[in-house]
Each structure stands twice: as structure tokens, then as C-alpha cells.
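In what follows, a single structure is set out as C-alpha cells and then discussed.
2 protein chains.
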Amino acid sequence: MKNKVLFIVTAVVVFLLGMLASSIVNRKNEAKYKYVPKVELGENEPRNEEWGKNFPAEYQSYLQTADTSFASMQGGSAMRDVLHEDSRLVVLWAGYGFSKDYSQGRGHYYAIEDIHNTLRTGAPEGKGDGPMPATCWTCKSPDVPRLMNENGIAEFYSGKWADKGAEVVNPIGCADCHDSKTMKLTITRPALVEAFQEMGKDINQATHQEMRSLVCAQCHVEYYFDKKLPGKEGVPYLKFPWKNGMTAEAMEEYYDEIEFSDWTHQLSRAPMLKAQHPGYETYLTGVHADRGVSCADCHMPYKSEGGQKFTDHHIQSPLNNVANACQVCHREDAEKLKLNVYERQRKATENRLKLEDFLVKAHIEAKKAWDLGATEAQMKDILTDIRHAQWRWDYSAAAHGASFHSPVETARVMGGALTIIQEGRLKLARLLAELGHNAPVEMPDISTKEKAQEYIGLDVEKLKSEKEEFKKKLVPKWLEEAKNREADYSSKKVSMVN
Amino acid sequence: MKNKVLFIVTAVVVFLLGMLASSIVNRKNEAKYKYVPKVELGENEPRNEEWGKNFPAEYQSYLQTADTSFASMQGGSAMRDVLHEDSRLVVLWAGYGFSKDYSQGRGHYYAIEDIHNTLRTGAPEGKGDGPMPATCWTCKSPDVPRLMNENGIAEFYSGKWADKGAEVVNPIGCADCHDSKTMKLTITRPALVEAFQEMGKDINQATHQEMRSLVCAQCHVEYYFDKKLPGKEGVPYLKFPWKNGMTAEAMEEYYDEIEFSDWTHQLSRAPMLKAQHPGYETYLTGVHADRGVSCADCHMPYKSEGGQKFTDHHIQSPLNNVANACQVCHREDAEKLKLNVYERQRKATENRLKLEDFLVKAHIEAKKAWDLGATEAQMKDILTDIRHAQWRWDYSAAAHGASFHSPVETARVMGGALTIIQEGRLKLARLLAELGHNAPVEMPDISTKEKAQEYIGLDVEKLKSEKEEFKKKLVPKWLEEAKNREADYSSKKVSMVN
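Sequence lines, in order, name chains P and H. Residues 1 to 498 in the working numbering are what the first sequence spells out, letter by letter. Residues 499 to 996 in the working numbering are what the second sequence spells out, letter by letter.
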């Protein structure tokens, strides 16, 4: 009897051990499986779903950038209307596209949809039409490196935005940062490579950890369109203004040297600079960069699923993912860490809003001076002060996250703006007194986005209805054309592989 | 033969074991020895050398605060002449003692000598003479709690500084922070206890870790002299302006409410506030405080000598002691950690100097307005702007270490100052235009301390020679008198104990 029991127990134990062994083998297979490609990717394959067949874990996490239920990068609802939240911006950007529409971008998944939708791209009716150049597509899609490889870089930058609407259809994704053969991180945008060359650096020497920031720096940087490139005159060639350095002052000096301005301000007539989103430049001045932390470490931390460790491609605010993003290093309560971030943001915002008030006043005071007959000579220095102060403000404000990534540098740059605009407004006060107006200039009611847009004479309703037409007529055509082209491409590729 | 060798080896090993055992016992004794007092300390014992007999390790480390070969708190040479380094300060403090002399304090060991020497305390010829009240001794010596216990608090604050020269002679030391019976940390200055009461807090509830900052907060804070205290009218009673909070804005609001000013500015006639050294208040807004790090953790880290672990009483800049101060938490290279501090300081300094330029200009522009016949009513708001802006500047600048302890808050407060002084100077420009002067106001040459002091009409040579007289005649008398008193006290105490 005793032996029989022992026999049964042994049999059961052996059976369970067998199951355990099988499970371990399967796990190992699962881990290996990752590296066996299911499809062969073409060199310029722009479709994320094709890459996703080989890398389902990464792809499925990427797809979560479509989720807008969370806060996206900055907290708050998915698509904040920034002009609605802060109507001063309408005046600061009067005469420039951003005064029409400036909503916080959603996740990478929406890159194409959002650029179709924004009023800034206007409502072209077909090729050769619309306010924006083709260069505006550069950061929106893995179709961009495809087109550059197929046709050439300057050729890509040439023509109107609407010219390439049927070509650029896949939202930011795999091929923007990865080599389709080796899967290594790779730089696909020539502007970053060329900017490194201008600084005397070779981007090919970057370490893997540096690449985990540099792939982001292809787009999350300050840039401008150079229309004077020798041999490419007239083509709005995408360039980063890093030749003298990446600080607000170094870039300003560069822009001043080449006498570049993004637009002439509608009210003050100042030759303005628009800071895009110098996120990489400001990040570099902060303590996380100093400690060797990359963009991906916080915005794409490692994740584990089914025994596989992989990089979370749900690129998002670390505040949505404190456990994996922050608490790997910071052994503090998650709520406390978030409060630490909010406090830095709040303190930066306090002075940023005051600075905006001063800039708004300066533009309107300058307009008053022009109205009273000021001369170009009288206005020259004043307009330079406005240009420099607003550039510093925009550098601090537009670099999303700067007040956290680098709060001390951000405060330093805003302090600089406050000093410059003080001198500018003093000159304006004296000039206005000279022109017979020795009193504060009356300020218009710009307390809402609508009032501010009305003040600068924008017919937003018209822009919106034109945009609706564009979305109804041209966009479906683009997408249809792209679908046929891609189907064709797929069938060719399959025949090639087989 | 073999046995003989074994016997000898055993004997040697046993002998060495005996030595080891003896060494361990001695070590234990050494550790115990610390707690056996050699002398019995009187309740109000002010002499550090008496305490040192019971606590030689702590006392000997305290004595190192006499060492000026290192940088003291801020780096650089031992006693920096701050007015020499930044002559704008002479104008900012015109009409106030700090424009005469402002040198960086040395270690606690020199507290008495340095207050004798500074031109700010003048050259009294005896009791009842000189510019300063007795209250100015409050933070300088453990004789202060002794005198307060012996005679009363308001009695201590009464009279002139020179009245108590023979009583206050021992430099800041043991009895300022420790209870002579229990050796526990204790608050000896009533101002801190009273400030907590005004905020509705009980300082007796403070934890030991909080006390490791609060003993410092007895002195390293913002304070003022309240001459209107009910029942003590006319006595310059030491108070902390914390009733509404400890931020720059909360303290300013408090001072505005009670219409307090430290002095009337000599040039602008603005009712000024002098920030003393709100080090504790600014520290509280920084990340180290947020993480529960106390003043002592960095400025008095633990140290080990002869098997004893004790608190290093060589209070100094953590930058002189990175291994014990910073690297306990921060696993970074010491040089990198120092560079991180210097970078924060440099960025704060950049905007601070610009702000000082604006404040200097505002004072001189205001003087010009008075000279041109401005009325009190025309000047009122302008002077308030100057008061508020300079207060914020001083709050950021005078809190030694604020640009490191709390760089974001410091930048926020300086940004506030930049916005206020902008509005003030615009009002001034318009007023000056109205008074017939529509141009930048000519600035005097204040490029050196000497030129700036000459501009505000200070006869520094006279002050210096008077100070020499004072040091030659009165100081030796004070010290002689104190020596006799203390000898008398010692002999009485010894007879009491035996």
C-alpha cells in the first residue's frame, strides 16, 4: 500500500516536472520567436502595420499612442486648444499661421490626421495650391525617408505641401527611427546629420544611448527653412540653426547673422522668429541629460510582457507611467514626484504669463508708434528688442516640457527676455512721448481667443469652412491614391520575395 | 620538532587574539568615555571651551570654523568684500549701513570679532553711543541666551549695541543649539518660538531631524525689529515676518500691512525693505527640504574618528566636503557635483546682475524726478514698485545659497522683481517726460566701490579711522571686563560643584 502511494506521488511529481520543463522550453521559444521575421521588409517600407508583423509587442504598444483617454504629453485632455487657454498667443503670432490655430498635438499615431486638420495648412484645392511648402511634411511620416531615398532630398523639399498629399500618408512610426534590415536605431532625416556636420561633429559616432535621444532630435528641435542654400535657391531647405551652439542666445545670434525671420509681425512690424519645439536643445541643458538619461529612458521605458522585455513604444508623458519612467531611479512616492513636476511647471508659468503680457503690450505700443508717425530709424532698435525677447519667450514656451526638463535654464532664458523687453518698452515709452502720447497705450480686449482673433482681423469661420471642404474633397482623394499605390507596391514586393 | 613549532604558532596566535580583545575593549571604553562629563556645565554656560572639555571631538571640529584657508560658505577667499565685487550694491543700499561695508562673514568662530570690525556697527565711545541697538547681538553669541535668562528678553533687546559689549564675548557655539543638561538640540532664541506661535505651530512638536534645521533657523532667516510691540514700545524687538507665510510675497504682504520699512532710500526716497538672510525660508522651497534633508545633513555631516561617529561641527560649505555631504546620496563624481552647483549659481547670477542694473537705474531715475519737482502723489506708486522689486531681489540674493538650495524658486522670485521694476521704470519714464526730461537719465560712474561710495557721499576713510579708535580703545576694555567676570563665574561654579 505504502509503495503504491509513493509510486503515484512520484508519477504526479514527474508529470508536473515535465509540464514545467515544457513551459520553460516554450518560454525560450517565445523569446527566440521575436527575432524570426514573419515578413521581409522593403528598404523603404513606410507602413507601420507591416513592421508590426515582425514586432508585435513593439507595434501594439505603438498603437496605444492612438489612445487619447489619458493625458497625452502634458497632462489634461487629449487635444487642448492652446489659443483658447491663452489668447495672448493670438496677438504674439499675429500675421503668422499659429494665430489661426494652435492645438496640442496628439500621439504620433495622429501625425497625418492632425496636419490635415489644422487651419495652419490651409485648404488647398489641388497641387500647387495652399500656404505651406512640402517641407512641412518632413516630420510627419516614414513616407518622408522613402520619398527622399526615391527622389532626392532637395526634390522632397520642393513644391507645395499639397503636392505630396497622396505620397505622405503613414503616420510617424517604425521607419522613422529604425533601419529595416538591422533594426538598429538610425537617423533618417538629413537635417540632423547636416546640423552635426556644421558643428564639426559626426553623428555616426553617437553611442546607442545617445541614439535613444537623437532619433527624437530629428524632429523635436528648433529648425527653419533656408531658401538661400547655394545651388538650391528658392527651395525651403530644412535646417537646424546650431552652428554657433544650441542655447537661445547662440541660435538667435545665428539667425541675426543670416538676417532670417519667420515672418513680419502684423502689428509691430518686427522681424520675428518663431521657435518651433527646441525640446532636444533644452533637454541637453538639464540634469537628466547631464546624468546620461535619454529621451527613451523616460518616454519609452522598458516593459515586460509574456517573459519578453522590450521598449514600450507607447510614447507618452512619463507622468502617465511613473512606475516605469521615474521610479526606476527615484525612490519617492509617485504622487510626490508628480507634484514636484507640477511645481516646476507652475513656477515657470507664473513668469511666462507676465512676460507674454509685456510682449503683447510691446506689439500694441509699437503699432501705436507707427500710427503716430514713427520712422523706421526710430523703430529699428525697438523692433530688435521685441524680436529678441519674443524669441527667448518662445524658446522657453515652445520646447514642450522645458520647465521640467531644464527649469533653471528655462528661467534664465525667460529672465533674459524680461530684461530685453523692459529696455524695449522704455524706448517705446520715450518715443511715444516724443510723438505726443505720454500715457499708457490703451489695450484692446483680447480676453478670449475669438476676441483676439477678431482684433487682428482673422476670419476664422471662413478658414474653418474652407478646411471642411478640403477634408471632404481633397483628403479622400489623397488617401485613395495612396491605397492603390501601396497595394501595388505590396504585390510587387511579395513577388520579389517569393 | 613539529609539535614545538605548532606550540609556538599557537602561542603567537593566542597572544595576538589577546591584543585584539584588549583593543576591542579599549574601543568600547573610548566610545563610552564620550558620555562621562569631565566638567559639570552651568545652565547658561556660554564658553565653548568649557563644553569642549566634555565633547572634545565635536569641539575640535567646531574650532576648525576658524580655518579661513579654505573657501568659507561660498567658495573663494575667506573674507570677500562684496561691495568691492559688486559696486551696484552701494547704490542699492544708499542711506543704510550695508552701503558702508558688506563683507562675507567668516566662520562662526569669528562672529564676535567680525561684528566688532564691521563699519556697520560704527565706533561707539562707550555705553549709549553708536548707530546700532543691542538687538544686533542676538545672533552672535551663546552669551545671548545667558543674558536673556538672567535679565529677560525685552531687557536684552533694550539699549544700544555698545551697552552689552562687555557681556557678549563668546562666539556662536555650543549653548546656542544645545541644552547643557540633556545635550539635546534646543531653541534658545525666542524669535523663532514666537514666529511658530504666530503661524499657529508649536515648535516643541518638531522632530529631531527638523531640529537639525531649526537650530540654524534661529538666525539664518529673514527678521526685523518691531518697535511697536504692545507693552514694549520703543524696544527694537526681534521678530520674523512669517505670519502670512515664508514666501517673498507673503513676507512682503506682511511688511506692507504693518507699513514697515528698514530705511528710506537716500536717492529715490523709497521706503525700503532689507532682506537679511532668508536661508531657511528659501531652503524650505527646494528639493533637499522636500526630501527631508536637513541643514546639518550637508553642512555638518557625520564623521568618524578613533571609532567614534559624531556630527562634524566644522560648519562649512558642502563643496569643501563633497564626500561626506553630497556623495552619501549622490553617486556622481565630486567634480561633476560641484560643476552642477556652479552652473545653477552662474545662471541665477546672470539675471540677478541685470536686475541690479535696473534697480540702480530706478533709484537714480527717481532722484532725477524729485530733482525736477515731482510730487509725493506722482511718486507714490513708483516708490512702491522700487520697494517691492528690490525686496524680491534681496530675498533671492541675501539668502546665501538660495541659487543652489532652491534655484527654481529663486528664479521665480527674481522674475517677479523683473516684472515689477519694468512697470515702475515705465511710470518713471512717463513722469520724467512730463517733467520735461524725455531721455535716458544720465548714470553716474559707480564702477568701483570707492566711486559708488563717493557718489552717495559716504566718507569711508573717516568711518575707518573711527573704527580703528574703537578697536584700540573700547574693545580691549570689553574683553578685559568679560575675562574678569568669567574668571569670577568659574571660581564660583567650581566651589558650587565641589
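Beta carbons: idealized from backbone N, C-alpha and C, even for Gly. Note that the coordinates shown come from a computational prediction; the quantities given were computed from them, not determined experimentally.
The C-beta distance from W889 (chain H) to E750 (chain H) rounds to 6 Å, short enough to meet the 8 Å contact threshold. Closer than 7 Å at the C-beta level to chain P, one finds these residues of the region 839 to 869 of chain H: R842, K845, E848, N849, K852 and F856. In this chain, the beta strand (DSSP E) harbouring Y735 (chain H) covers Y735 to K737. The beta carbon of V906 (chain H) falls within 8 Å of a beta carbon belonging to chain P, placing the residue at that interface. For M744 (chain H), not one C-beta of chain P is nearer than 8 Å to its own C-beta. Counting C-beta atoms within 10 angstroms of its own C-beta, T182 (chain P) has fewer than 16 neighbours from the protein chains shown and is therefore classed as exposed. By the Cβ rule, the region 951 to 962 of chain H does not count as touching the region 888 to 905 of chain H, because fewer than three pairs are nearer than 8 Å.
Every alpha helix (DSSP H) of 4 residues or more that sits fully in the region 753 to 817 of chain H is shown, in chain order, as 777 to 782, 785 to 788 and 793 to 797.
Put simply, the CB of N936 (chain H) is near chain P, with a gap under 8 Å to one of its CB atoms. Chain H places a beta carbon closer than 8 Å to that of T419 (chain P), counting this residue as a contact. At a cut-off of 8 Å between beta-carbon atoms, R430 (chain P) makes contact with chain H.
8 Å or more divides the Cβ of W137 (chain P) from the Cβ of V169 (chain P). Looking at the DSSP output, D579 (chain H) shares a beta bridge with H:S601. Contacts between M414 (chain P) and chain H, judged by CB atoms closer than 7 Å, involve G913 in chain order. Secondary structure note for D202 (chain P): it is in no beta strand (DSSP E), with a DSSP letter that is neither H nor E. The region 540 to 558 of chain H makes contact with the region 636 to 651 of chain H: 3 or more CB pairs, one atom from each, lie closer than 8 Å. Contact annotation for L924 (chain H) against chain P: R425, L426 and A429 [CB-CB distance below 7 Å, chain order]. For E932 (chain H), the chain P residues whose Cβ falls inside 7 Å of its Cβ are N438, in order along the chain.
Here the alpha carbons of N546 (chain H) and G671 (chain H) stand approximately 6 Å from one another. With fewer than 16 other Cβ atoms inside 10 Å of its own Cβ, A519 (chain H) counts as exposed. For the alpha helix (DSSP H) assignment, the uninterrupted runs of no fewer than 4 residues enclosed by the region 869 to 944 of chain H are, from N- to C-terminal side, 874 to 896, 900 to 903 and 905 to 932.
The Cβ atoms of P622 (chain H) and P734 (chain H) do not sit closer than 8 Å to each other.
Y96 (chain P) sits in coil when the DSSP states are folded into three classes, being neither helix nor strand. Relative to the Cα of G603 (chain H), the nearest Cα in the group H:I919, H:H898 and H:E940 belongs to H:H898. At a beta-carbon threshold of 8 Å, none of the residues of chain H lie near Q316 (chain P); the nearest stands roughly 24 Å away.
In the DSSP assignment, D641 (chain H) falls within the unbroken alpha helix (DSSP H) covering D641 to N649.
Residue environment: C329 (chain P) is assigned as exposed (fewer than 16 neighbouring CB atoms within 10 Å of its CB, all protein chains considered). In this structure, DSSP gives Y560 (chain H) a helical state, which the three-state scheme calls helix. Put simply, the CB of Q422 (chain P) is near chain H, with a gap under 8 Å to one of its CB atoms.
Restricting attention to H:Y893, H:L926 and H:K925, the CA atom closest to the CA of V911 (chain H) is found in H:Y893. With distances taken between CA atoms, Y255 (chain P) lies nearest to P:T384 out of P:C139, P:G152, P:T384 and P:D297. Counting C-beta atoms within 10 angstroms of its own C-beta, R983 (chain H) has fewer than 16 neighbours from the protein chains shown and is therefore classed as exposed.
Under DSSP, D226 (chain P) shares a beta bridge with P:Y237.
Judged by beta-carbon spacing, A773 (chain H) lies beyond the 8 Å limit of Y781 (chain H), meaning their Cβ atoms are not closer than that value. Scanning chain H for C-beta atoms nearer than 9 Å to the C-beta of A411 (chain P) yields K845, A846, N849, P905, V906, T908, A909, R910, M912 and G913, reported in chain order. Interface flag for D788 (chain H) against chain P is set, since a Cβ pair is found closer than 8 Å.
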